[in-house]
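Note that my numbering has the sequence shown beginning at 27, numbered continuously upward.
Every residue, glycine too, gets a C-beta built ideally from N, C-alpha and C.
A quick write-up on the structure given underneath.
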Amino acid sequence: MRSRWLKQQGNEECILFLAGWGMDTHPFADIPAEGYDILSIYDYRDIELPPLPEKTDYKRMHLLAWSMGVWVGAHCFQTIQNIFSTRTAIGGTLDPIHDELGIPLGIYDAVLCNLCPEELEKFYQSMFTDKTEFKRFMDNRPQREFEDIRQELQAFKEHYFSQGTGPDIYTRKIITSRDRVFPLKNQIRSWGKGVAEMEKLPHFPFYSCGTWHDLLGSE
């Protein structure tokens, strides 16, 4: 995994953001931080945590995990989850490659088998329901090597099938009801009825929400 600060301005609170597959910091750089330092973690070719801020560095720390980052966060932080005041999962599940609880295996394998730069762009487009938001993303698309992204997709499958279901460490779960990556019914089945909040959001929810704070569920 790789880490990079999106914002580091000596604020009292810090968000540790676990991004999804194929990401880096570019798509998120212009989202207002609103008083938070934000450390982004991405690239799941390996799932060894990079160096993290000390809890004593901040008054409060928050975990925000999106898409594939939901499973990564569950595994990586299960024994140290209490360093976070809030732990939010959005647009992902604890079984990310699963016919009933995540992305169906056949669909995942089809993306992996057919992946090329053109298909990657189609995947990016599937994360949105709004053309303006998709254009904003493409104007700030990840600047990673294509082969790195392909390797990440393969490696993530191996990580999941070797380690299995992630433990539920999250204090807030948000189902993205307009998601075209993680099917709505599978998200509901994964978390259970009445456990998660349902929001009318696409798979990539960050431009629709507008701010990081809205996703945290902070008290």
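For Y70, the three-state DSSP class (helix, strand or coil): The count along the sequence shown starts at 1 and reaches residue 70 at position 44. The answer is coil: DSSP assigns Y70 none of H, G, I, E or B.
Collapsed DSSP secondary structure at L259 in the structure displayed: As shown, the chain starts at 27 and ends at 245. That puts residue 259 outside it, with no answer to give.
In angstroms, rounded to a whole number, what distance separates the CA positions of T82 and L131? Taking the sequence shown and counting its residues from 1, one reaches residue 82 at position 56. Taking the sequence shown and counting its residues from 1, one reaches residue 131 at position 105. Taking the straight line from one Cα to the other gives about 41 Å.
Could you tell me the alpha carbon to alpha carbon distance between M49 and Y68, rounded to whole angstroms? Position 23 of the sequence shown, counted from the start, is the residue given in the question as residue 49. Position 42 of the sequence shown, counted from the start, is the residue given in the question as residue 68. The alpha-carbon atoms of M49 and Y68 are separated by roughly 6 Å.
Using DSSP with H/G/I as helix, E/B as strand and the rest coil, what is F208? Taking the first residue of the sequence shown as position 1, residue 208 is located at position 182. Residue state, collapsed to three classes: coil.
Contact between the stretch 115-122 and the stretch 184-194: three or more CB pairs below 8 Å? yes
Starting from S29 and walking both ways along the beta strand (DSSP E), at which residues does that stretch end? To locate residue 29, count along the sequence shown from 1; it is residue 3. Segment 28-33, the beta strand (DSSP E) holding S29.
Which residue comes first and which comes last in the beta strand (DSSP E) that contains R167? In the sequence shown, counting from the first residue as 1, residue 167 sits at position 141. No beta strand (DSSP E) contains R167, which DSSP labels as neither H nor E.
What separation, rounded to the nearest whole angstrom, lies between the Cα atoms of T158 and F110? Here residue 158 refers to the residue found at position 132 when the sequence shown is read from its first residue. Here residue 110 refers to the residue found at position 84 when the sequence shown is read from its first residue. Roughly 34 Å between the two C-alpha positions.
CB of L141 within 7 Å of CB of R176, strictly: Translated into the one-based positions of the sequence shown, residue 141 becomes position 115. Translated into the one-based positions of the sequence shown, residue 176 becomes position 150. Yes, the Cβ-Cβ distance between L141 and R176 is below 7 Å.
Look at the alpha carbon of W97 and the alpha carbon of Y134, and state the distance between them as a whole number of angstroms. The sequence position of residue 97 within the sequence shown is 71, counting from 1. The sequence position of residue 134 within the sequence shown is 108, counting from 1. If you take the alpha carbons of W97 and Y134, they lie about 15 Å apart.
Using CA atoms only, rank isn't needed, just tell me which of R170, T197, D205, L241 is closest to R28. On the sequence shown, position 2 is the one that residue 28 refers to. The shortest C-alpha separation from R28 is found at R170.
C-beta atoms of Y196 and R113 nearer than 7 Å: Locating residue 196 in the sequence shown gives position 170, counting from the first residue. Locating residue 113 in the sequence shown gives position 87, counting from the first residue. Taking 7 Å as the Cβ cut-off, Y196 and R113 qualify as a contacting pair.
Residue environment, S203, which counts as buried when at least 16 other CB atoms sit within 10 Å: Position 177 of the sequence shown holds residue 203. S203 comes out exposed.
How is I214 classed by DSSP in three states: helix, strand or coil? Taking the sequence shown and counting its residues from 1, the one referred to as residue 214 is at position 188. Here I214 sits in helix by DSSP.
Among Q180, L75, C102, F160, nearest to H229 - alpha-carbon criterion: Position 203 of the sequence shown, counted from the start, is the residue given in the question as residue 229. Selected option, being the one with the closest Cα: F160.
So, using beta-carbon positions, are H246 and L241 closer together than 7 Å? Here the chain covers residues 27 to 245 and nothing more, so residue 246 does not appear.
Return the CA-CA distance between F103 and A136, expressed in angstroms with no decimal places. Indexing the sequence shown from 1 puts residue 103 at position 77. Indexing the sequence shown from 1 puts residue 136 at position 110. Distance between the alpha carbons of F103 and A136 is about 30 Å.
So what does Y62 bridge to, in DSSP terms? Walking along the sequence shown from the start, residue 62 turns up at place 36. In DSSP, Y62 forms a bridge with E39.
Work out the CA separation of L210 and T155 for me, nearest whole Å. Position 129 of the sequence shown, counted from the start, is the residue given in the question as residue 155. Position 184 of the sequence shown, counted from the start, is the residue given in the question as residue 210. Near 14 Å, if we compare the C-alpha coordinates of L210 and T155.
Burial state of M94, where buried means 16 or more other Cβ atoms lie within 10 Å: Taking the sequence shown and counting its residues from 1, one reaches residue 94 at position 68. Classification for M94: buried.
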